[in-house]
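Some notes on the structure that comes next.
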Amino acid sequence: MKARIVTLPGDYIGPEITAQAVKALEAVAAKYGHEFLFDERRLGGASIDAYGVPLTEETLAACNEADAVLMGSVGGPKWDGVEAARRPEKGLLALRKGMGVFANLRPCTIHPQLSSACPLRPELLKEPIDILILRELTGDIYFGRRWRAEDGRSATDEMAYSAMEVERLARKGFEMAGKRRGRLCSVDKANVLECSRLWRETVERLSGEYPDVEVTYMYVDNAAMQLILHPAQFDVMITGNLFGDILSDESAAIAGSLGMMPSASLGSGTRGLYEPIHGSAPDIAGRDIANPLGTILSGALLLRHSLGLEKEAAALERAVERVLDEGYRTADILSPGMKKVGCTQMGDLVAARI
Ligand code: NAD
Numbered sequence: 005m006k007a008r009i010v011t012l013p014g015d016y017i018g019p020e021i022t023a024q025a026v027k028a029l030e031a032v033a034a035k036y037g038h039e040f041l042f043d044e045r046r047l048g049g050a051s052i053d054a055y056g057v058p059l060t061e062e063t064l065a066a067c068n069e070a071d072a073v074l075m076g077s078v079g080g081p082k083w084d085g086v087e088a089a090r091r092p093e094k095g096l097l098a099l100r101k102g103m104g105v106f107a108n109l110r111p112c113t114i115h116p117q118l119s120s121a122c123p124l125r126p127e128l129l130k131e132p133i134d135i136l137i138l139r140e141l142t143g144d145i146y147f148g149r150r151w152r153a154e155d156g157r158s159a160t161d162e163m164a165y166s167a168m169e170v171e172r173l174a175r176k177g178f179e180m181a182g183k184r185r186g187r188l189c190s191v192d193k194a195n196v197l198e199c200s201r202l203w204r205e206t207v208e209r210l211s212g213e214y215p216d217v218e219v220t221y222m223y224v225d226n227a228a229m230q231l232i233l234h235p236a237q238f239d240v241m242i243t244g245n246l247f248g249d250i251l252s253d254e255s256a257a258i259a260g261s262l263g264m265m266p267s268a269s270l271g272s273g274t275r276g277l278y279e280p281i282h283g284s285a286p287d288i289a290g291r292d293i294a295n296p297l298g299t300i301l302s303g304a305l306l307l308r309h310s311l312g313l314e315k316e317a318a319a320l321e322r323a324v325e326r327v328l329d330e331g332y333r334t335a336d337i338l339s340p341g342m343k344k345v346g347c348t349q350m351g352d353l354v355a356a357r358i
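With this note's numbering applied, the sequence shown covers 5 to 358.
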């Protein structure tokens with residue numbers, strides 16, 4: 005197939021890690037006879053330096069015409085003094101909004117080779133842990149009205165959801181669970197919050213349309229506990245913006261290594277935005293020591309969710325597993341007896357194993 009992929013390397017380690025993901029995707033294209041056309045654009049600080057704004061209309065238009073967008077990371081101390089409205093992070097927020105993505109996908113997989121980085125007791129890792137957290141991205145308390153009383157001594161933040169917002173997210177969850185192990189856990193706080201009661205009713209209403217998916221409901225406080233006590237019970241989890249923010253970071257802590265974690269932001273079509281969950285790591289930029297695997301694995305999500313290339317996505321994920329099996333590690337995941345490699349070499353190793 006032919007696909008157009010916009011790349012947004014961004015700032016600090018962004019270009020270093022994005023180059024490795026592009027290399028891996030090019031190896032996939034060569035092996036499976038696809039043609040990926042990469043169109044590199046600026047985002048964040050790099051865009052501020054070149055054009056004075058963190059995201060230009062041209063870049064957004066290019067993203068909306070592409071099949072998928074692969075991003076590195078944006079921001080860093082160089083732009084700390086920039087006025088709030090033009091900060092690098094604003095470019096990312098505008099990009100998400102402009103692309104109409106409403107579902108943030110965060111896989112949490114514990115690579116057996118890196119289980120020593122997982123803070124959980126080894127007996128909890130006997131069953132494989134492979135969780136997909138789907139967080140709603142455009143509603144909830146982050147987008148409600150907020151105000152402070154005149155005397156400044158009380159404050160209010162409104163939480164709001166429409167059935168449409170819940171439904172489009174839940175449908176993605178049902179569809180993904182149907183392609184995986186068929187289990188969907190909907191996380192809410194329906195014992196207290198009206199938004200959560202709407203959330204639960206909506207998921208219940210849809211469940212009849214997906215008879216092959218087994219749905220369970222869990223209060224968010226229990227879900228936070230269960231993620232640590234028995235993480236292997238989860239397949240796909242769906243939740244709102246606020247709860248998802250917290251639970252997805254908790255799941256990242258369980259996986260143990262920031263540099264390994266991919267993510268995807270999806271809208272109603274197949275076009276998506278793919279990026280590692282970490283930031284631009286200014287402390288290690290320019291030294292070729294960053295871990296590119298989170299970005300490379302984001303490339304695998306891109307193949308799966310935007311291009312529908314499941315076999316190729318699995319091949320890329322297997323290549324990463326093989327490199328880890330062979331003992332290669334970047335500095336952030338290094339343990340005794342393993343072979344230390346830099347960012348470029350890690351990218352070469354993965355590309356060579358596809
Ligand atoms: P960070 O994720 O950049 O770094 C935290 C720590 O993890 C650092 O010690 C860093 O060296 C290390 N680290 C991160 N990614 C790594 C990788 N791939 N390989 C090896 N080590 C890695 O978080 P921060 O320091 O709080 O933020 C730095 C900048 O990134 C800030 O400007 C922040 O706003 C921005 N940021 C951007 C995004 C994004 O682009 N989506 C996300 C988070 C933070």
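Beta carbons: idealized from backbone N, C-alpha and C, even for Gly.
Status (buried if at least 16 other CB within 10 Å, exposed otherwise) for residue i
i    : result
S272 : exposed
P215 : exposed
T334 : buried
M241 : buried
D192 : buried
S252 : buried
P58  : buried
P92  : buried
R45  : buried
K130 : exposed
S190 : buried
M180 : buried
T331 : The question names Thr, yet the displayed sequence has Gly at residue 331. It is exposed - the Cβ of G331 has fewer than 16 other Cβ atoms within 10 Å.
G312 : exposed
Range covered by the alpha helix (DSSP H) that runs through residue i
i    : result
N245 : 245-259
R326 : 314-329
G143 : Run containing G143: none; DSSP gives neither H nor E here.
K6   : Element bounds for K6: not the alpha helix (DSSP H) but the beta strand (DSSP E), 6-14.
I293 : Counting along the chain, I293 falls outside any alpha helix (DSSP H), and DSSP gives it neither H nor E.
V354 : 347-356
P92  : 92-103
V26  : 18-36
R273 : The residue you asked about is not Arg; residue 273 is Gly in the sequence shown. Segment: none, G273 is in no alpha helix (DSSP H) and carries neither H nor E.
When the options are compared against residue i, the one with the closest alpha-carbon
i    : options                : result
A25  : F178, V10, E213        : V10
A174 : A98, G260, R139        : R139
Q349 : E171, A28, I52, A181   : A28
M103 : T142, I114, L118       : T142
G48  : G79, P132, L338        : G79
L64  : K101, F40, D15         : K101
V354 : T299, G182, P111       : T299
N195 : V207, M180, Y223, T206 : Y223
D53  : A31, V86, A23          : V86
A359 : S158, W151, K344, R326 : Absent from the model: residue 359. The displayed extent of the chain is 5 to 358, so no value can be given.
R204 : A181, A167, Q230       : A167
V170 : A285, C199, A304       : C199
L109 : D249, A23, W151        : D249
S51  : V217, D15, A34         : D15
A319 : V32, L188, L12, I21    : V32
Straight-line gap, residue i to residue j (C-alpha atoms, nearest Å)
i    : j    : result
S211 : D239 : 16 Å
E1   : Y36  : Examination of residue 1 is not possible in this model, given that the chain is present from 5 through 358 alone.
L74  : A121 : 27 Å
L262 : E127 : 23 Å
L233 : E254 : 12 Å
G186 : I135 : 12 Å
I288 : D71  : 31 Å
D177 : Y146 : Inspection of the sequence shows that residue 177 is occupied by Gly rather than by Asp. Roughly 21 Å between the two C-alpha positions.
M163 : Y278 : 27 Å
V219 : G290 : 46 Å
L197 : Y165 : 11 Å
H282 : M265 : 8 Å
E316 : R308 : 8 Å
I17  : P296 : 9 Å
L99  : P132 : 35 Å
P340 : R150 : 50 Å
S267 : S302 : 6 Å
I337 : G56  : 37 Å
Unbroken beta strand (DSSP E) run spanning residue i, endpoints
i    : result
P116 : Where P116 is concerned, there is no enclosing beta strand (DSSP E), given that its DSSP letter is neither H nor E.
L277 : 276-280
L41  : 39-44
V73  : 72-77
A268 : 266-270
Closer than 7 Å: residue i CB and nearest ligand 3 heavy atom
i   : result
I21 : With respect to ligand 3, the structure shown offers nothing to examine, as its ligands consist of ligand 1.
Contiguous beta strand (DSSP E) assignments of at least 3 residues, all confined to the region 147-230:
Here the runs fully enclosed are 150-152, 159-161, 187-192, 218-223.
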